[in-house]
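First up is the structure itself, then whatever we jot down about it.
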Amino acid sequence: MMEMGVKPDHFTYATVLDTCANLVTIGLGKQIHAQIIKLELQSDVYICSTLVDMYSKYGNMYDSKLIFGKATNRDFVTWNAMICGYSQHGLGEEALQIFEDMIIENVTPKHATFISVLRACAHTGAGRKGIALFCLDVK
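According to UniProt numbering, the sequence shown is numbered sequentially starting from 1.
Structure (structure tokens):
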């Protein structure tokens, strides 16, 4: 694509990063991330969300949290990627903290968010909290 003189946009980069995450191609994902930094595209909400998801899928919650923390524009997808990443890696307390921060920031959780939060509750033994959150989701 680039060899043909076509410059990728933020949607293209987000799609390629998502593919890297799903295929667990760490080296390529990091190379593309470096290109994104060079092009100063890292503040784009789509790219940021995909980077958080990619590093979470790699099991690199440090970089995932770093990118999330630097994000100036977080949408539902960004928050959900962080919650899901923590939850999938058994870091229930961290997932629940991000969920609470999401609520404080007035970002409306979706059904997918509650699935990750319930998983986090299971990891932390917070069954009552999970039931209460499930009741919120059903309403």
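We treat Cβ as the ideally placed atom computed from N, Cα and C, and that holds for glycine.
- Pairing V16 with K30, the inter-Cα distance amounts to about 11 Å.
- G92 is positioned such that its CB atom lies closer than 7 Å to that of A120.
- In the DSSP annotation of this structure, the continuous segment of the alpha helix (DSSP H) that includes Q97 starts and ends at G92 to I104.
- Counted as a single uninterrupted DSSP element, the alpha helix (DSSP H) harbouring L66 occupies residues M61 to K70.
- Of Y62, A122, G27 and I103, the smallest CA-CA separation from G90 is found for A122.
- If you check the CB distance, L41 and I32 do not come in under 7 Å.
- If you draw a straight line from the Cα of D63 to the Cα of N106, it comes to about 25 Å.
- A residue is called buried once 16 or more other Cβ atoms fall within 10 Å of its Cβ, and L39, having fewer, is exposed.
- T78 counts as buried, since no fewer than 16 other beta carbons sit within 10 angstroms of its beta carbon.
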